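Residue numbers for the sequence shown follow our numbering, beginning at 72 and rising by one.
Everything on this sheet refers to the single structure shown next.
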Amino acid sequence: MKFPKRCKITILGDSIPKGIYSENHQLKKMSDNAVSQVAKHFNIDINNISVYGQTLSRLNKKGFLDDYLKSINKKDFNVAVLSLGGNDSDYDWAEVATSPTEPHMPKTPPREFESLLNETITKLKKAKVKVFLTNIPPIDSKRYFDLVICRQADQQSVLKFLQGDIENIYRHQELYNSIITKCATKNQCHLFDIRTKLLSKVDYLDYMSDDGIHPNKTGQQKIAESVIDQIEQLK
């Protein structure tokens with residue numbers, strides 16, 4: 072793909088494109104993350120305004136999206152990459168543990184997430200911004216349950232909410248991944264698949280941090296390779 076003149080690319084994402092990973096139970100930020108590797112490969116500038124813990128609802132309600140739209144120069148060829156969804160699918164696990172037999176909503180419920188994603192894409196397109204989406208890297212339910220959730224909440228209570236099956240965490244995240252794919256198709260947005268390359272590896276857990284949700288340095292490298300391949304195939 073040949074990038075248009077005055078192409079201004081902005082990543083509106085969460086901790087994954089920001090390059091956050093966990094090592095020895097401590098969060099760290101890698102400078103040579105997937106976004107920077109893609110920028111280096113194509114010799115382009117990418118404005119990465121991803122935020123740790125970012126959700127689609129927070130992007131809209133806290134003014135992040137409006138600030139971005141106000142900042143763009145309409146003479147430029149503006150590109151926005153939405154890389155969100157993992158945090159939207161997450162629960163307040165401490166609250167879940169207090170009443171595990173009651174229904175609980177994730178940070179952004181599925182229907183709201185789908186509606187809001189469609190609205191966000193429409194708002195960006197109305198401002199003449201070219202919109203791309205990414206799907207969500209896979210997670211390791213066991214690591215996330217053992218090393219993150221159980222540090223916040225009572226293990227047995229959360230297990231009761233999960234009906235005794237921690238893989239419900241993975242399947243719940245997969246639901247949001249499916250919604251992103253659906254919205255990309257509906258709105259005719261190109262979807263960068265950053266999930267399949269990791270899932271295709273028999274040892275894909277080796278590409279994940281010890282918290283089970285953030286790709287490690289090798290995982291970020293695989294994401295970069297996948298995105299570079301997909302960009303090179305674009306017309």
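Every residue gets a Cβ at the ideal spot worked out from N, C-alpha and C, and that includes glycine.
From a predicted model like this one, the values you see are computed outputs, not experimental measurements.
- Between the C-alpha atoms of Asp163 and Val229 there is a straight-line separation of about 11 Å.
- Taking one beta carbon from each stretch, the segment 161-176 and the segment 201-213 have fewer than 3 pairs nearer than 8 Å; the two do not touch.
- When beta bridges are read from the DSSP output, Cys78 appears opposite Phe148.
- Between Val109 and Asn119, the C-beta spacing is not below 8 Å.
- Rounded to the nearest angstrom, the gap between the Cα atoms of Ile302 and Asn114 is 13 Å.
- Closest option to Asp281, judged by alpha-carbon separation, among Tyr215, Val167, Val152: Tyr215.
- Val202: member of the beta strand (DSSP E) spanning 201-205, first to last residue.
- For the set Ile250, His261, Asp211, the Cα lying nearest the Cα of Tyr275 is the one of Asp211.
- According to the DSSP assignment, Ile117 belongs to the beta strand (DSSP E) that extends over 117-119.
- Inclusion of Gly156 and Ile207 in the CB contact set at 8 Å is warranted, their separation being smaller than that value.
- Cβ-Cβ distances below 8 Å link Lys257 to Asn189 in the same chain, with the five nearest sequence neighbours on each side left out; the list follows chain order.
- Per DSSP, His261 is one residue of the beta strand (DSSP E) stretching across 261-263.
- When the five nearest sequence neighbours on each side are left out, the beta carbons in the same chain lying within less than 6 Å of the beta carbon of Ala168 are those of Ala224, Asp225, Ser228, Val229, in order along the chain.
- Leu83 is bridged by DSSP to Leu153.
- Between Ile250 and Ser154 a beta carbon distance of about 14 Å is seen, past the 8 Å cut, so the two are scored as non-contacting.
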